[in-house]
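Mapping of the sequence shown onto the working numbering: position 64 corresponds to residue 181, and the numbering continues sequentially without gaps.
Notes to accompany the following structure.
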Amino acid sequence: MHQVWITRYGPPEVLELREAATPHPARGEVLIKVAAAGVNFADIMARLGLYPDAPKPPCVVGYEVAGEVAAVGASSAGFKAGDRVIALTRFGGYSSHVSVRQEQVFALPPGLDFAQGAALPVTYLTAYQLVVAMGRLREGETVLVHSAAGGVGLSALNLATIIGAKVIGVASAAKHDFLRQRGVLGLIDSRAADIVDRVKQLTNGRGVDLVLDARGGQSWRESYDCLAPTGRLAVFGLATAVGGGRWIGTARALLGVPWLRFNPFRLMNDNRGVFGVNLGHLWDQNELIRNWMSQLVAWQAQGKITPVLDRSFSFEEAAAAHRHIEARGNIGKVVLVS
Ligand SMILES: NC(=O)c1ccc[n+]([C@@H]2O[C@H](COP(=O)([O-])OP(=O)(O)OC[C@H]3O[C@@H](n4cnc5c(N)ncnc54)[C@H](OP(=O)(O)O)[C@@H]3O)[C@@H](O)[C@H]2O)c1
Numbered sequence: 118m119h120q121v122w123i124t125r126y127g128p129p130e131v132l133e134l135r136e137a138a139t140p141h142p143a144r145g146e147v148l149i150k151v152a153a154a155g156v157n158f159a160d161i162m163a164r165l166g167l168y169p170d171a172p173k174p175p176c177v178v179g180y181e182v183a184g185e186v187a188a189v190g191a192s193s194a195g196f197k198a199g200d201r202v203i204a205l206t207r208f209g210g211y212s213s214h215v216s217v218r219q220e221q222v223f224a225l226p227p228g229l230d231f232a233q234g235a236a237l238p239v240t241y242l243t244a245y246q247l248v249v250a251m252g253r254l255r256e257g258e259t260v261l262v263h264s265a266a267g268g269v270g271l272s273a274l275n276l277a278t279i280i281g282a283k284v285i286g287v288a289s290a291a292k293h294d295f296l297r298q299r300g301v302l303g304l305i306d307s308r309a310a311d312i313v314d315r316v317k318q319l320t321n322g323r324g325v326d327l328v329l330d331a332r333g334g335q336s337w338r339e340s341y342d343c344l345a346p347t348g349r350l351a352v353f354g355l356a357t358a359v360g361g362g363r364w365i366g367t368a369r370a371l372l373g374v375p376w377l378r379f380n381p382f383r384l385m386n387d388n389r390g391v392f393g394v395n396l397g398h399l400w401d402q403n404e405l406i407r408n409w410m411s412q413l414v415a416w417q418a419q420g421k422i423t424p425v426l427d428r429s430f431s432f433e434e435a436a437a438a439h440r441h442i443e444a445r446g447n448i449g450k451v452v453l454v455s
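Structural data, given as structure tokens:
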């Protein structure tokens with residue numbers, strides 16, 4: 118089999134395609150011949166040495182795949198060779214073959230091809246946790262979505278639309294037309310210095326009911342200031358650490374974090390909530406994740422969910438895929454295809 122390795126921390130060129138022995142599925146595992154593997158922003162952060170959860174290089178990252186079952190291990194019930202599936206992989210997804218615990222494997226929803234299948238698990242499960250499970254967004258409420266044209270952002274927009282909520286999107290100006298066509302009511306340039314004022318203008322001074330913020334740093338302070346009474350802020354990433362080098366980027370992002378602002382007294386007196394999301398730390402919560410996935414698959418079957426695919430790159434082109442995301446070029450999801 119072949120795999121894309123992060124050989125050391127650094128620019129996209131540190132990614133290298135290598136051959137390795139194809140794994141055998143262990144007891145309770147399913148071996149998948151990968152047709153498409155999702156590329157996530159966390160992978161870029163892992164390559165840059167900015168993602169503490171990732172294995173140390175040399176390593177193979179990748180959180181999700183779609184493909185065909187090649188073999189099943191002992192006592193792996195429910196799947197057989199040839200089944201079309203999607204799966205969560207806690208690293209190792211950038212591989213032509215991957216062996217995964219059967220609890221993390223799901224049937225590929227009918228109507229999706231492999232690239233769309235690989236685009237679904239991480240972004241939609243994260244969006245589900247943010248918008249539905251913890252954000253509790255309701256019909257008629259307003260949500261502010263940062264990086265609205267990205268993988269998670271467009272998934273969150275999709276779920277907010279299903280719920281009947283209004284969306285204000287923050288994104289690079291070049292992505293605004295696309296977002297407008299998908300029903301985003303208010304649009305703000307992600308480089309704007311007055312995001313709080315813009316949000317207040319768009320909501321007649323009230324603020325929003327939910328903010329999804331994976332930019333982090335200083336942005337969390339502004340997002341908190343965008344909340345209406347009873348509003349909730351979801352913190353789930355630190356994208357602002359990217360750019361300017363490993364140590365400077367991290368220092369800049371951490372210095373901007375409003376460490377003391379979200380203290381219990383402030384939250385109580387403001388009637389606001391702040392919550393955190395890290396899907397990777399729910400990896401063993403099989404029942405929870407399967408319940409969320411069932412709901413997503415049901416919506417997909419009703420035609421309510423369609424993952425937005427930006428571009429497919431071959432495994433050989435993994436560096437180009439990373440460069441594209443790091444340059445903020447993607448609208449929707451980027452995948453690697455075999
Ligand atoms: N905690 C979790 O469980 C979890 C799970 C999945 C994703 N995440 C986080 O959610 C965010 C979105 O992930 P994704 O995979 O869907 O990525 P993505 O949104 O498809 O791509 C990243 C986007 O972030 C924006 N961005 C803001 N600051 C940036 C910077 N310094 N460098 C590059 N881009 C920057 C850009 O949008 P504009 O150009 O439009 O500003 C860019 O297009 C990431 O921060 C990721 O780490 C967290």
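All C-beta atoms in this analysis are idealised placements derived from N, C-alpha and C, irrespective of residue type, glycine included.
Residue i Cβ short of 7 Å to ligand 1 heavy atom set
{"i": "T243", "result": "yes"}
{"i": "R445", "result": "yes"}
{"i": "G268", "result": "yes"}
{"i": "S340", "result": "no"}
{"i": "S289", "result": "yes"}
{"i": "M162", "result": "yes"}
{"i": "T320", "result": "no"}
{"i": "V397", "result": "Residue identity check: residue 397 is Gly in the sequence provided, not Val. Result yes, Cβ under 7 Å from ligand 1."}
{"i": "G144", "result": "Checking the displayed sequence, the identity of residue 144 turns out to be Arg instead of Gly. No, Cβ of R144 sits at least 7 Å from all heavy atoms of ligand 1."}
{"i": "R323", "result": "no"}
{"i": "A331", "result": "yes"}
{"i": "S307", "result": "yes"}
{"i": "V202", "result": "no"}
{"i": "F432", "result": "no"}
{"i": "N275", "result": "no"}
{"i": "V284", "result": "no"}
{"i": "N380", "result": "no"}
Option in the options with minimal Cα separation from residue i
{"i": "E258", "options": "V249, A137, S193, V414", "result": "V249"}
{"i": "K197", "options": "L148, E220, R407, R253", "result": "L148"}
{"i": "M162", "options": "A153, K173, A152", "result": "K173"}
{"i": "D160", "options": "I448, V454, E443, S455", "result": "E443"}
{"i": "E133", "options": "H441, S455, F432, I448", "result": "F432"}
{"i": "R218", "options": "D326, P142, V452", "result": "P142"}
{"i": "A244", "options": "E146, V269, V121", "result": "V269"}
{"i": "V287", "options": "A138, I280, R297, H214", "result": "R297"}
{"i": "R323", "options": "S307, L229, D342, D330", "result": "D342"}
{"i": "V177", "options": "A152, R201, V131, D200", "result": "V131"}
{"i": "N157", "options": "V454, D230, H439", "result": "H439"}
{"i": "A358", "options": "G166, A153, A152", "result": "G166"}
{"i": "F223", "options": "F208, N395, S213, L242", "result": "L242"}
{"i": "D427", "options": "E185, I203, T139, A236", "result": "A236"}
{"i": "G199", "options": "L225, G209, Q221, E181", "result": "L225"}
{"i": "W364", "options": "W122, G127, I123, S289", "result": "G127"}
{"i": "A191", "options": "S216, G179, A204", "result": "S216"}
{"i": "G449", "options": "S455, P424, L304", "result": "P424"}
DSSP three-state assignment for residue i, whether helix, strand or coil
{"i": "K421", "result": "coil"}
{"i": "G155", "result": "strand"}
{"i": "K147", "result": "Here residue 147 turns out to be Val, not Lys, going by the sequence shown. Residue state, collapsed to three classes: strand."}
{"i": "I448", "result": "coil"}
{"i": "W400", "result": "coil"}
{"i": "W122", "result": "strand"}
{"i": "F432", "result": "helix"}
{"i": "H214", "result": "strand"}
{"i": "T347", "result": "strand"}
{"i": "R407", "result": "helix"}
{"i": "A137", "result": "coil"}
{"i": "L132", "result": "strand"}
{"i": "F392", "result": "strand"}
{"i": "G188", "result": "Strictly speaking, residue 188 in this sequence is Ala, with Gly absent from that position. Strand, per DSSP."}
{"i": "D427", "result": "strand"}
{"i": "V269", "result": "helix"}
{"i": "V414", "result": "helix"}
{"i": "V316", "result": "helix"}
Same chain, Cβ closer than 8 Å to residue i, five either side skipped, listed in chain order
{"i": "E339", "result": "I312, V313"}
{"i": "G300", "result": "L274, T278, V284"}
Residues sharing a beta bridge with residue i, DSSP
{"i": "H439", "result": "Answer is none; H439 lacks a bridge partner."}
{"i": "I285", "result": "L261, G303"}
{"i": "D330", "result": "V352"}
{"i": "I203", "result": "A183, F223"}
{"i": "L453", "result": "A154, F430"}
Same chain, Cβ closer than 6 Å to residue i, neighbours up to 5 away in sequence not counted
{"i": "T347", "result": "N388"}
{"i": "G390", "result": "R349"}
{"i": "I283", "result": "What sits at residue 283 in the sequence shown is Lys, not Ile. T259, L302."}
{"i": "G373", "result": "G334, Q335"}
Chain-order list of residues whose beta-carbon lies under 7 Å from that of residue i (same chain, five-residue window excluded)
{"i": "E136", "result": "H119"}
{"i": "G360", "result": "G366"}
Contact test: residue i Cβ vs ligand 3 heavy atom, cutoff 7 Å
{"i": "I442", "result": "Within the structure as shown, ligand 3 is missing, the only ligands being ligand 1."}
Beta carbon proximity, residue i to chain B, threshold 8 Å
{"i": "G449", "result": "Going by chain labels, chain B is absent from the structure shown, which holds only one protein chain."}
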